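Chemist: Got a structure for you, written out below as structure tokens; questions coming shortly.
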Amino acid sequence: MDSRDQSVNKLPENAYRTLKSDEEYIPVIPDQKIVPEVTSYSLGWGLFYAVLFSMAAAYLGLKIGQVFEAAIPIAILAAGLSVLLKRKNALQENVIIQSIGSSSGVIVAGAIFTIPGLYILGLNANYLQIFLASLLGGFLGILFLIPFRKYFVKDMHGEFPFPEATATTEVLVAGEGGGDQARVLVSAALVGGLYDFCVAGLGFWKEVVSTSVFRWGALLSDKLKWVLKINIGAAVTGLGYIIGLRYSAIIASGSFLAWWVIVPMVGYVAGLGDQTPDAIFFTYVRPIGIGAIAAAGIIGILKSSRIIGGAFKLAGKELFGGAKGVVSEKSDRIQKDIPMKWVAIFLALTLIVIFLFFLFGVQVTLKQALVGLLIVTVISFLFTTVAARAIAIVGSNPVSGMTLMTLLLSSFILVKVGLVGNHGMLAALLIGGVVCTALSMAGGFISDLKTGYWLGTTPIKQEGYKFLGSLFSAASVGLVILLLNKTFGFGGDSPLQAPQASAMAAVIKPLMTGAQAPWILYLTGIFLAIILEIVHVPPLAFALGIYLPIQLNTPLLFGGLVAYFVSKSSKNEKLVKARGERGTLIASGFIAGGAIMGVVSAFIIFIGQKFFGEGWTLAKGIGTMHWAESAGGEILGFVMFALLCVYLYWDSLRVKNNF
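Per the working numbering, the sequence shown runs over residues 270 to 928.
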């Protein structure tokens with residue numbers, strides 16, 4: 270008999286759906302049940318993973334521009350270790366481990382999307398500047414999010430899919446309960462992990478396939494600038510399954526508009542026949558996506574004004590009227606946040622330190638430091654709900670787009686107060702670093718809190734120890750960035766291209782030197798978002814589709830289609846529901862396996878380059894690199910992706926019809 274508690278091996282039936290008027294969600298660990306949460310075991314392992322994954326995520330993100338989400342692999346490692354050690358009632362300890370450790374990915378994203386831009390521009394940043402920009406941004410994201418926790422995780426229960434939190438929760442529950450769920454999850458993780466490793470690690474077939482590989486596709490790409498690209502990874506496909514057809518179709522529609530309408534139109538009207546669709550997209554179309562994301566964010570803020578006002582009202586009641594708890598007068602354990610008076614005190618202290626950081630760390634005038642503080646405070650607060658909503662809907666945080674908009678606004682304002690040239694670029698990028706980390710933290714932390722809500726973790730413990738995880742992650746990422754800059758450098762001919770930071774540097778330099786920014790394209794995106802809102806199409810999801818490359822959005826659509834076909838696979842509602850739950854487990858396994866193998870691939874490449882020199886990859890070492898980039902490798906990629914989707918559908922239907 271398994272020594273673990275078999276009573277916690279399944280989420281409640283209403284975990285993922287909206288509640289009826291008289292219905293209440295009871296988490297896996299109910300409010301009255303007290304189990305170990307923060308222990309020396311969970312604290313030690315959480316901090317260990319925060320440091321380890323900060324280093325791995327920083328290297329991979331600077332190399333390919335994608336920061337893998339640490340929450341899922343950490344959840345797998347935590348659940349696996351508790352099973353190995355036969356640790357009883359370890360579910361809540363594993364939630365704390367995951368919550369602390371996942372600080373790594375969000376802190377890394379905030380740092381590597383901005384700080385390397387300083388080195389690319391020839392402006393050296395010291396360790397203290399990197400550390401403080403990351404740490405203060407992380408603290409700000411936590412503090413601004415706490416008042417909105419109840420709205421996103423409780424009030425909107427079942428309204429948002431929370432794909433990453435769903436996958437993390439399924440991993441933790443399956444690991445704790447064992448049995449059939451664990452077997453389904455582990456087998457799917459093995460399939461997804463091996464599949465993704467064969468692609469990204471071994472180079473057995475191409476990771477991003479395109480219709481250009483076919484003669485007719487190459488003709489369409491050359492003459493009409495029309496191309497379809499698909500990232501055939503198992504992890505991204507699993508994400509699409511969890512998101513569902515509606516939102517994945519909206520996101521994909523944004524990509525289709527960008528790549529199949531705007532790109533060909535710009536190529537034809539502007540006479541850009543000699544440019545590739547990719548070049549046209551990044552130069553002319555992506556700024557439209559940036560403007561649309563910014564406008565969608567503002568629309569979301571306006572629509573959330575009642576929520577924001579409610580958060581202030583509750584804060585005022587607690588601060589001045591003696592109300593207990595930020596979100597619940599009953600102060601239930603599972604609804605207990607950090608008291609608002611402490612949130613206000615910590616926020617004030619954080620803002621004071623940010624002001625001093627700008628004044629003395631960046632060496633600006635008193636007026637310029639106040640302006641910088643105002644920019645950070647207003648933008649971070651307003652876009653906190655945007656970042657949280659984006660993660661709740663699609664599992665992808667458009668933090669780089671919002672940070673680009675922040676850089677545009679801050680650079681424009683800083684120039685007006687006399688900060689120009691190199692000093693202005695230093696100030697703007699450090700401001701951007703704080704904002705970027707704050708928004709990244711807000712988006713990532715809402716997933717942790719949703720996982721805790723589903724499982725019955727005490728929110729105040731997640732919130733309190735998230736600060737400690739941020740401290741260790743910020744300290745680690747600062748060291749990694751300095752080390753990698755001294756070893757490889759960033760951009761140019763370096764193997765570490767730091768694509769987001771390079772884009773930030775490219776945006777900020779003309780603004781600080783008097784050149785023009787593509788304001789008309791930003792304005793086009795703004796009007797597009799307004800039109801989408803008028804016709805009741807979620808503008809943020811659509812804007813994400815415009816902003817992100819098409820290859821990252823099309824697999825979401827295929828995953829969503831599989832979920833749709835599973836939902837229509839029988840007229841027996843109970844059977845369909847069971848198949849859908851099995852499909853969610855399989856999709857979560859795909860995401861988990863892909864995330865784990867992403868870390869393994871990064872580690873192998875890092876070690877291999879130490880022995881075999883820069884540019885070495887496992888595919889290069891075993892001689893498959895040229896095959897993966899060949900037409901045959903790309904066509905095989907199409908075939909393998911089709912087989913993956915068929916497998917996801919077939920395995921989801923493997924439920925005994927006992928209903």
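For glycine and all other residues, C-beta sits at the position ideal for the given N, C-alpha and C. Bear in mind the structure is a predicted one, so any value in this text is a computation, not a measurement.
(1) When the Cα of L748 is compared with those of F880, T287, I511 and V377, which residue comes out closest?
(2) Is the beta carbon of V633 sitting closer than 8 Å to the one on L676?
(3) Taking Cβ to Cβ, would you say I233 is nearer than 8 Å to G829?
(4) Assuming the contact rule is C-beta atoms closer than 8 Å, Y722 and V297 should be a hit. Round their C-beta distance to whole Å, please.
(5) Answer yes or no: do L405 and V703 have a C-beta to C-beta separation smaller than 8 Å?
(6) For the 8 Å Cβ check, are there 3 or more pairs between the stretch 701-717 and the stretch 649-662?
(7) Just the Cα atoms here: how many angstroms apart are A458 and W474?
(8) Which residues in the same chain as L390 place their Cβ atom closer than 7 Å to its Cβ, once the five residues preceding and following it in sequence are excluded?
(9) How close, in whole Å, do the beta carbons of S371 and A348 come, if the pair is a contact with beta carbons under 8 Å?
(10) Specify the secondary structure class of K355 as computed by DSSP and reduced to three states.
(11) Exposed or buried, which one is L397 when buried takes at least 16 other CB atoms within 10 Å?
(12) Quick check: the stretch 902-909 against the stretch 830-837, are at least 3 beta-carbon pairs closer than 8 Å?
(13) If you count every other CB in all the chains shown that lies within 10 Å of the CB of G591, and 16 or more means buried, which is it?
(14) With H, G and I counted as helix, E and B as strand and the rest as coil, what does DSSP make of K755?
(15) Which residue comes first and which comes last in the alpha helix (DSSP H) that contains K719?
(16) Helix, strand or coil: how does DSSP classify K605 here?
(17) For A344 and A657, I'd like the C-alpha separation in whole angstroms.
(18) For L414, count neighbouring Cβ atoms within 10 angstroms of its own Cβ and tell me buried if that reaches 16, exposed if not.
(19) Grab the span of the beta strand (DSSP E) containing S236 for me, first residue to last.
(20) Between L830 and chain B, is the shortest Cβ-Cβ distance under 8 Å, so that the two count as touching?
(21) From the DSSP secondary-structure annotation, give me the bridge partner or partners of N500.
(22) Is L316 buried or exposed, if buried means 16 or more other CB atoms sit within 10 Å of its CB?
(23) Mind checking whether L854 and E439 have CB atoms under 8 Å apart?
(24) Can you list, in chain order, the residues of its chain with a C-beta nearer than 6 Å to that of M671? Leave out the 5 residues immediately preceding and following it.
(25) Return the residue from the list I501, L412, L489 and A744 that minimises the CA-CA distance to A380.
(26) If you drop the 5 nearest sequence neighbours on each side, which residues of the same chain put their C-beta closer than 7 Å to that of S490?
(27) Under three-state DSSP, which class holds F431?
(28) Pick from E428, L618 and G444: whose alpha carbon is nearest that of K355?
(29) Taking 8 Å as the threshold (C-beta atoms), are T720 and A434 in contact?
(30) How about the stretch 780-790 and the stretch 547-563: do they share at least three Cβ pairs that are nearer than 8 Å?
(31) If I measure Cβ to Cβ from G566 and keep anything under 6 Å in the same chain, skipping five residues before and after, which residues do I get?
Modeler: Checking against the coordinates, here is how it stands:
(1) Of F880, T287, I511 and V377, the smallest CA-CA separation from L748 is found for V377.
(2) Cβ atoms of V633 and L676: not closer than 8 Å.
(3) Within the shown structure, residues of the chain are numbered from 270 to 928, placing residue 233 beyond reach of any answer.
(4) Taking C-beta atoms under 8 Å as the contact rule, Y722 and V297 fail to qualify, at a distance of about 10 Å.
(5) Result yes, Cβ atoms of L405 and V703 sit closer than 8 Å.
(6) Taking a cut-off of 8 Å on C-beta distances, the stretch 701-717 touches the stretch 649-662, as three or more cross pairs fall below it.
(7) Roughly 20 Å between the two C-alpha positions.
(8) Cβ within range, chain order: M694, A774 and K778.
(9) Incorrect: roughly 14 Å between the Cβ atoms, too far for contact.
(10) Of the three classes helix, strand and coil, the one that applies to K355 here is coil, per DSSP.
(11) Result: exposed.
(12) With a cut-off of 8 Å on Cβ pairs, the stretch 830-837 is not in contact with the stretch 902-909, counting fewer than three such pairs.
(13) At G591, the pLDDT of 49 sits below 50, so the modelled position is not reliable; the number obtained from the coordinates is stated separately. Answer is exposed; the Cβ neighbour count stays below 16.
(14) K755: helix per DSSP, three-state reduction.
(15) Taken as a continuous stretch (DSSP letters only), the alpha helix (DSSP H) holding K719 covers G690 to L724.
(16) In the three-state DSSP reduction, K605 falls in the coil class, being neither helix nor strand.
(17) Going from the Cα of A344 to the Cα of A657 covers about 21 Å.
(18) Classification of L414: buried, given that the 10 Å Cβ count is 16 or more.
(19) One cannot answer for residue 236 here, as it falls past the ends of the chain, which runs 270 to 928.
(20) Looking at the structure shown, chain B is missing, and only one protein chain is on hand.
(21) According to DSSP, which records beta bridges pairwise, N500 is partnered with V477.
(22) Classification of L316: buried, given that the 10 Å Cβ count is 16 or more.
(23) E439 sits close to L854, with the two beta carbons spaced by under 8 Å.
(24) Result list for M671: F652 and L708, in chain order.
(25) The option with the nearest alpha carbon to A380 is A744.
(26) Cβ neighbours of S490 beyond the five flanking positions: S481, V496 and P546.
(27) F431 falls in the coil class under three-state DSSP.
(28) It is G444.
(29) Taking 8 Å as the Cβ cut-off, A434 and T720 qualify as a contacting pair.
(30) A contact exists between the stretch 780-790 and the stretch 547-563.
(31) Hits under 6 Å: F652 and V655.
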